[in-house]
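Structure record follows, encoded as structure tokens.
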Amino acid sequence: MKIAHLCLSCFYVDGFSYQENELVRQHVVDGHDVVVIASTESFGPDGALTHVQPGSYMGTDGARVIRLPYRRWIPGMLAPKLRLHPNVYRLLSAERPDAILFHGLCGWELLTVSRYKRAHPEVSLFADSHEDFNNSARSFLSRYLLHWAYYRTILHAALRSIDKVLCVSDETISFVQDFYRVPARNIEFFPLGGKVLQDHAYFAARAATRASYGILDHHVLLVQSGKMDASKKLLQSLKAFVRQPDPELRFLVVGHLQGDIAVEAKKLIDADRRIVFAGWKSAAELQSILCAADVYLQPGTQSATMQMSLCLRCAVILDDVPSHRRYVKENGWLIGGDRTLDAVLAEISQSPHQLTTMSAHSHAFASEYLDYQILAERITRAAPAFALHP
Numbered sequence: 585m586k587i588a589h590l591c592l593s594c595f596y597v598d599g600f601s602y603q604e605n606e607l608v609r610q611h612v613v614d615g616h617d618v619v620v621i622a623s624t625e626s627f628g629p630d631g632a633l634t635h636v637q638p639g640s641y642m643g644t645d646g647a648r649v650i651r652l653p654y655r656r657w658i659p660g661m662l663a664p665k666l667r668l669h670p671n672v673y674r675l676l677s678a679e680r681p682d683a684i685l686f687h688g689l690c691g692w693e694l695l696t697v698s699r700y701k702r703a704h705p706e707v708s709l710f711a712d713s714h715e716d717f718n719n720s721a722r723s724f725l726s727r728y729l730l731h732w733a734y735y736r737t738i739l740h741a742a743l744r745s746i747d748k749v750l751c752v753s754d755e756t757i758s759f760v761q762d763f764y765r766v767p768a769r770n771i772e773f774f775p776l777g778g779k780v781l782q783d784h785a786y787f788a789a790r791a792a793t794r795a796s797y798g799i800l801d802h803h804v805l806l807v808q809s810g811k812m813d814a815s816k817k818l819l820q821s822l823k824a825f826v827r828q829p830d831p832e833l834r835f836l837v838v839g840h841l842q843g844d845i846a847v848e849a850k851k852l853i854d855a856d857r858r859i860v861f862a863g864w865k866s867a868a869e870l871q872s873i874l875c876a877a878d879v880y881l882q883p884g885t886q887s888a889t890m891q892m893s894l895c896l897r898c899a900v901i902l903d904d905v906p907s908h909r910r911y912v913k914e915n916g917w918l919i920g921g922d923r924t925l926d927a928v929l930a931e932i933s934q935s936p937h938q939l940t941t942m943s944a945h946s947h948a949f950a951s952e953y954l955d956y957q958i959l960a961e962r963i964t965r966a967a968p969a970f971a972l973h974p
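Taking my numbering, the leading residue of the sequence shown gets 585, the next gets one more, and so forth.
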């Protein structure tokens, strides 16, 4: 099957493990002919926004990548918002895909893809959405001028041609239904996922990585990762960990320390020998670290690493928000309100044996719902849809 991934409303970053990368990679592994049509926006080695050159090349995920610039007549500040690119229809006509996944609902080229679908009704067209009120439509102008007047209008003009809108979280479902006004019948739940490793690969990575960081079998390793700004609540995690003196606990911090928290975070890390700052890691290195972890900690804003951690058998401690609740089923804790991180760390310290059972629950849940092999098959109609609500 020929599959086109269009990343014109989102970033496509070579060498990363975002949903776009993983689905492309899995479709290649499954033997499909895959092409990625993407904007020139990407991330540099320091995690900052950058632009690559337009052109075509073989990407790190095993698929051809065609990078398109924005249309030249659009002012520079508006181009990343309006998202008009040249030659999209011509490229689709040349590639002749059997299935198209348009990543993101926010952009002009959704109209181009829907026009192609109308001319080729045998083609499957899916559009995914990551938008919610945590990451989109946060200011008055963004909400009502950009999202309501522009993106929503485009989406409704294209909606009849889209087979399903695939929403990555419950908060995204609410955003797409309540704000964009897309009917429930047009929506499916399509979670972010990860790689579910076979036992031999998992235990080998776990043993090697724990040994490299000096983590012994009886230690309980907690991991928090990401671009650490105030919204990730790393400072709260560090302070709660320091207040729990159990010598068997270990805390590994992975990622970038952003300016608003960096100084205080470094002081807390340096003051406790049980805490290690590992810095920024590649996708493969992060996978190994999550294999080594017993608990993945995400007390702040959402990150796709949470789903990766479930696929790699971690128990989880997550902020109690709607999008997290379907993921915590006897495999961890939701914190907020009456349940504090201090209380959860105390419970882990008193009963670390429960983490073995929680790990098994995470593995079972991820194997059924979060494995990218299963998610990739949904695009080829080889797998059934997931329930819209838990």
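Yeah, the Cβ is synthetic: ideal placement off N, Cα and C, and Gly gets one too.
Everything numeric in this text was worked out from a predicted model, so none of it was measured.
Within the region 707-734, note down every full beta strand (DSSP E) run reaching 3 residues or more, in order along the chain.
List check, beta strand (DSSP E) in window: 708-713.
How many Å lie between Ala563 and Ile932 at the Cα?
The requested residue 563 does not occur in the structure, where the chain is confined to residues 585 to 974.
My understanding is that Thr624 touches Arg651, with C-beta atoms under 8 Å, so please give their C-beta distance in whole angstroms.
The C-beta distance from Thr624 to Arg651 rounds to 5 Å, short enough to meet the 8 Å contact threshold.
Please report the straight-line C-alpha distance between Phe835 and Asp922, rounded to a whole angstrom.
One C-alpha to the other measures close to 24 Å.
Judging by CA-CA distance, which residue of Asp856, Asp813, Ala849 is the nearest neighbour of Arg827?
Cα-wise, what sits closest to Arg827 is Asp856.
Within this structure, are the beta carbons of Gly777 and Ala647 separated by less than 9 Å?
No, the pair does not count as a contact, with Cβ atoms beyond the cut-off.
Buried versus exposed, by CB contacts within 10 Å (16 or more), Arg897
A residue is called buried once 16 or more other Cβ atoms fall within 10 Å of its Cβ, and Arg897 is buried on that count.
Can you tell me where the alpha helix (DSSP H) with Ala741 in it begins and where it stops?
In the DSSP assignment, Ala741 falls within the alpha helix (DSSP H) that extends over 736-742.
How should Glu706 be labelled, buried or exposed, when 16 other C-beta atoms within 10 angstroms of its C-beta is the threshold for buried?
Its Cβ having fewer than 16 others within 10 Å, Glu706 is exposed.
I need the DSSP call for Ile845, collapsed to helix, strand or coil.
Here Ile845 sits in coil by DSSP.
Could you give the distance in angstroms between the alpha-carbon of Met942 and the alpha-carbon of Gln603?
Approximately 25 Å, taken between the alpha carbons.
How many whole angstroms separate the CB atoms of Tyr956 and Lys748, which I take to be in contact at a CB cut-off of 8 Å?
That belief does not hold up - the Cβ atoms of Tyr956 and Lys748 are roughly 18 Å apart, past 8 Å.
CB contact flag (Leu881, Leu954, <9 Å):
At least 9 Å separates the beta-carbon of Leu881 from that of Leu954.
Considering only the alpha carbon of each residue, which of Leu805, Ile746, His589, Asp712 lies closest to Leu1049?
Outside the shown range of the chain, which is 585 to 974, sits residue 1049, and nothing can be said about it.
Could you tell me the boundaries of the alpha helix (DSSP H) in which Arg651 lies?
That residue, Arg651, is in no alpha helix (DSSP H); its beta strand (DSSP E) goes 648-652.
What does the Cβ neighbour count give for Leu852, buried or exposed, with the cut at 16 atoms within 10 Å?
It counts as buried.
Going by beta-carbon coordinates alone, are Glu679 and Phe686 separated by less than 9 Å?
One thing to note: Glu679 has its Cβ no nearer than 9 Å to the Cβ of Phe686.
Look at the alpha carbon of Val928 and the alpha carbon of Pro670, and state the distance between them as a whole number of angstroms.
So the two alpha carbons sit approximately 53 Å from each other.
From Asp783, Gly599, Ser720, pick the residue whose C-alpha is nearest to that of Thr756; which is it?
Comparing Cα positions, the closest option is Ser720.
In the DSSP assignment, find the beta strand (DSSP E) that holds Lys586 and state where it starts and stops.
Lys586 -> beta strand (DSSP E) spans 586-591.
Segments assigned alpha helix (DSSP H), at least 4 residues, entirely inside the region 625-692
Runs found: 663-666, 672-679.
Over what stretch of residues does the beta strand (DSSP E) that includes Ile799 continue unbroken?
First-last for Ile799: undefined, no H or E at that position.
Can you give me the C-alpha to C-alpha distance between Pro829 and Leu819, rounded to a whole angstrom?
Roughly 17 Å between the two C-alpha positions.
Ignoring anything shorter than 3 residues, give me the beta strand (DSSP E) runs that lie fully in the region 846-878, in order along the chain.
Fully enclosed beta strand (DSSP E) runs of 3 or longer: 859-863.
Name the residue from Ile658, Ala703, Lys665 whose alpha carbon lies nearest to the alpha carbon of Arg674.
Looking at the Cα atoms, Ala703 is the closest of the given residues.
On a Cα-Cα basis, can you pick out the residue from Glu961, Ile746, Gln891, Val649 that is closest to Ala948?
Answer by Cα proximity: Gln891.
Going by other Cβ atoms of all chains shown within 10 Å of its Cβ, with 16 needed for buried, is Ala868 buried or exposed?
Ala868 comes out exposed.
Per DSSP, Gly810 forms a beta bridge with which residues?
In the DSSP assignment, Gly810 is bridged to Gly839.
Enclosing alpha helix (DSSP H) for Glu772 [first to last residue]:
Careful: Glu772 lies outside any alpha helix (DSSP H), inside the beta strand (DSSP E) at 771-773.
Three or more C-beta pairs below 8 Å linking the region 759-766 and the region 729-746:
Output reads yes: the region 729-746 touches the region 759-766.
With a threshold of 7 Å on Cβ separation, who are the neighbours of Thr885 within its own chain once the five nearest residues in sequence on each side are excluded?
Asn718, Ser815, Lys816, listed in sequence order.
When DSSP builds the beta bridges, which residues end up paired with Tyr700?
Per DSSP, none; premise fails for Tyr700.
Do Val620 and Cys591 come within 9 Å of each other at the CB atom, strictly closer than that value?
In contact: Cys591 and Val620 (Cβ atoms closer than 9 Å).
Does Asp903 come out as helix, strand or coil in the three-state DSSP assignment?
Residue state, collapsed to three classes: strand.
Are the beta-carbon atoms belonging to Phe774 and Arg909 less than 9 Å from one another?
In terms of Cβ geometry, Phe774 and Arg909 do not form a close pair [threshold 9 Å].
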